[in-house]
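For reference, the structure discussed in these notes is given below.
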Amino acid sequence: MRLDKWLSDATNYTRSQLKQLIRSGQVSVNNCIVKRPEIAVSQTDIICLQGKPVTAAVSCYCLLLYKPLGYVCAVTDAAEKTVMELIPPDLQRKGLFPVGRLDKDTTGLLLLTNDGAFSHTLLAPKRHISKYYRMQLARPYEVQYAEQLAAGLTLADGTHCLPAEILPVPEIQQEAVICLQEGKYHQVRRMMAAVGNHVEQLQRIAIGGLCLPSDLQPGDCVLLTAVQMEQLQQPSDPTWLSMLVERCKEW
Numbered sequence: 002m003r004l005d006k007w008l009s010d011a012t013n014y015t016r017s018q019l020k021q022l023i024r025s026g027q028v029s030v031n032n033c034i035v036k037r038p039e040i041a042v043s044q045t046d047i048i049c050l051q052g053k054p055v056t057a058a059v060s061c062y063c064l065l066l067y068k069p070l071g072y073v074c075a076v077t078d079a080a081e082k083t084v085m086e087l088i089p090p091d092l093q094r095k096g097l098f099p100v101g102r103l104d105k106d107t108t109g110l111l112l113l114t115n116d117g118a119f120s121h122t123l124l125a126p127k128r129h130i131s132k133y134y135r136m137q138l139a140r141p142y143e144v145q146y147a148e149q150l151a152a153g154l155t156l157a158d159g160t161h162c163l164p165a166e167i168l169p170v171p172e173i174q175q176e177a178v179i180c181l182q183e184g185k186y187h188q189v190r191r192m193m194a195a196v197g198n199h200v201e202q203l204q205r206i207a208i209g210g211l212c213l214p215s216d217l218q219p220g221d222c223v224l225l226t227a228v229q230m231e232q233l234q235q236p237s238d239p240t241w242l243s244m245l246v247e248r249c250k251e252w
């Protein structure tokens with residue numbers, strides 16, 4: 002494949018932009034600067050753009066972003082900052098979009114992909130892929146919350162929620178972790194309001210069998226491996242919620 006085509010498939014640059022970058026000496030192949038966009042390259046070549054290695058394009062590309070406060074989950078927005086602005090140039094890809102959404106005032110694990118089928122797999126209600134959220138409450142956790150959520154709540158507007166699990170964080174009266182298998186609008190906040198409490202801070206810490214990396218900082222993102230993408234699709238493990246509660250101090 003031509004070098005400029007290979008880079009176009011693997012990055013967010015246009016072919017014309019890449020031709021200029023190549024001709025100006027900003028691309029190397031196997032540690033040698035090249036200035037001809039038309040030279041042939043293969044998947045085994047080590048290709049760097051502006052000194053950074055470029056990962057070959059894959060059919061399903063997925064990033065994990067630690068979403069900070071103040072960003073909306075959209076590709077573009079005329080009035081708000083979007084999560085797309087947080088992705089560094091070397092991880093940008095054509096067709097990248099957020100998988101689902103986290104509210105502007107919610108932080109934590111957000112996925113971005115270029116694969117609509119993969120996104121549908123993670124979001125489809127029939128798949129029941131669990132999402133886990135750590136929350137800080139306005140008032141102390143109460144033991145009856147677990148029974149109320151397990152029965153399935155009906156919200157003030159008549160919306161019915163599937164049964165959910167919740168556990169308190171030990172030694173912290175106003176923190177808990179909740180597990181949902183759906184993603185309705187402002188669902189966690191509305192569910193906790195329905196049981197008489199208020200969510201002051203909300204952070205998504207896991208999806209399926211993959212949790213937010215403890216060494217990732219807000220605003221940072223990483224490329225997921227094939228193994229991690231499989232972990233996202235794992236069925237719910239009864240012990241996973243308890244384990245996440247024990248790990249809350251890491252985030």
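Heads up, the final residue of the sequence shown is numbered 252 in this note's numbering, and it's a clean run with no missing numbers.
Glycine included, each C-beta is placed from N, C-alpha and C at the ideal position.
Distance between beta carbons of residue j and residue i, contact taken as under 8 Å
i: Ile272; j: Val189; result: Given a span of 2 to 252 for the chain in the structure shown, any question on residue 272 remains unanswerable.
i: Leu66; j: Val84; result: 6 Å
i: Lys53; j: Asp10; result: About 17 Å; that fails the 8 Å criterion.
i: Leu4; j: Val35; result: 7 Å
i: Leu156; j: Arg191; result: 5 Å
i: Leu211; j: Leu233; result: 5 Å
i: Tyr142; j: Pro169; result: 4 Å
i: Ile88; j: Leu103; result: About 15 Å; that fails the 8 Å criterion.
Straight-line Cα distance separating residue j from residue i
i: Arg140; j: Ala195; result: 14 Å
i: Gly220; j: Leu97; result: 17 Å
i: Gln93; j: Glu201; result: 33 Å
i: Thr77; j: Cys61; result: 21 Å
i: Gln21; j: Ile167; result: 55 Å
i: Glu183; j: Lys105; result: 19 Å
i: Ala75; j: Ser243; result: 32 Å
i: Leu110; j: Gln235; result: 16 Å
i: Thr45; j: Met2; result: 12 Å
Beta-bridge pairing of residue i - partner residues as DSSP gives them
i: Tyr133; result: Cys180 and Ala207
i: Lys1; result: The structure shown does not extend to residue 1, since the chain is modelled only from 2 through 252, so no value can be given for it.
i: Ala41; result: Arg3
i: Cys222; result: Leu66
i: Gln202; result: Gln137
i: Cys212; result: Ala207
i: Thr83; result: Val73
i: Val189; result: According to DSSP, Val189 bridges with nothing at all.
i: Ile34; result: Ser29
i: Glu166; result: Cys180
Completely contained alpha helix (DSSP H) runs for the segment 99 to 134, where each covers 4 or more residues = 117 to 124
Does the count of Cβ pairs from the segment 214 to 231 and the segment 122 to 136 closer than 8 Å reach three?
-> no
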